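These notes concern the structure reproduced below.
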Amino acid sequence: MPRVLIIDDQKDVRAMVAIVLRVNRFEVVEAESGAAGLIAFAESPCDAAIVDIFLGDTSGVDVIASLRERVPGLPIIAVSGMTTLDFLDQAPHLANVVCLQKPFRPNDLLQALRMAQAAAGGELPAAV
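Counting from 1, position 97 in the sequence shown corresponds to residue 100 in the working numbering; the numbering is continuous, with no gaps.
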């Protein structure tokens, strides 16, 4: 069962994403901050990550950069409700990050997860 790390400081968003993923047979690891997410990933690496760009404790861009330093090909979805995420293409360590604008529908999330895995050069081992 693939593991997906969700890093979002909004509890309701984390809960909604977690439900969608669990229903689709993913194991979910939730983190309420960038720091907690990096600790969770260090303790038990995941197959993909969903990272909010605007976190209370740090920038989601910095979190994505840290995750990519650890696992360069990690499939990552950047989510935000405040801005377009076109700037992610400007940094090489943020290449192939799939952007998803809040609010999004469950199918949008699953499609973004497929796109992130394809951008990373593989397929998630689940019926997504």
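Note that beta-carbon positions come from the ideal geometry of N, C-alpha and C, so glycine has one too. Predicted model, so just to flag it, every value in this text is computed and none were measured.
Taking the CB atoms as reference points, tell me whether Asp12 and Gly76 lie closer together than 8 angstroms. Translated into the one-based positions of the sequence shown, residue 12 becomes position 9. Translated into the one-based positions of the sequence shown, residue 76 becomes position 73. Taking 8 angstroms as the Cβ cut-off, Asp12 and Gly76 do not qualify as a contacting pair.
Is DSSP giving Ala98 helix, strand or coil here? If you number the sequence shown from 1, residue 98 lands on position 95. If DSSP states are grouped into helix, strand and coil, Ala98 belongs with coil.
List the residues that DSSP assigns as beta-bridge partners of Ala121. Residue mapping note: residue 121 aligns to position 118 of the sequence shown, counting from 1. None; Ala121 has no bridge partner.
Let me make sure I understand the geometry here. Which of Ser62, Leu116, Arg73, Ser69 has the alpha-carbon closest to that of Val23? Numbered from 1 along the sequence shown, position 20 holds the residue referred to as residue 23. If we check each option's Cα against that of Val23, Leu116 comes out closest.
Does the beta carbon of Glu46 come closer than 8 angstroms to any beta carbon on chain C? No chain C appears in this structure, which consists of one protein chain only.
Using a Cβ-Cβ cut-off of 7 angstroms (strictly less than) and excluding sequence neighbours within five positions of Ala21, which residues of its own chain qualify? In the sequence shown, the residue the question calls residue 21 occupies position 18. Excluding sequence neighbours, Ala21 sits near Ile9, Val31, Glu33.
Could you tell me the distance, in whole angstroms, from the CA atom of Arg73 to the CA atom of Ala45? On the sequence shown, residue 73 is found 70 positions in, with the first residue counted as 1. On the sequence shown, residue 45 is found 42 positions in, with the first residue counted as 1. Approximately 9 angstroms between the Cα atoms of the pair.
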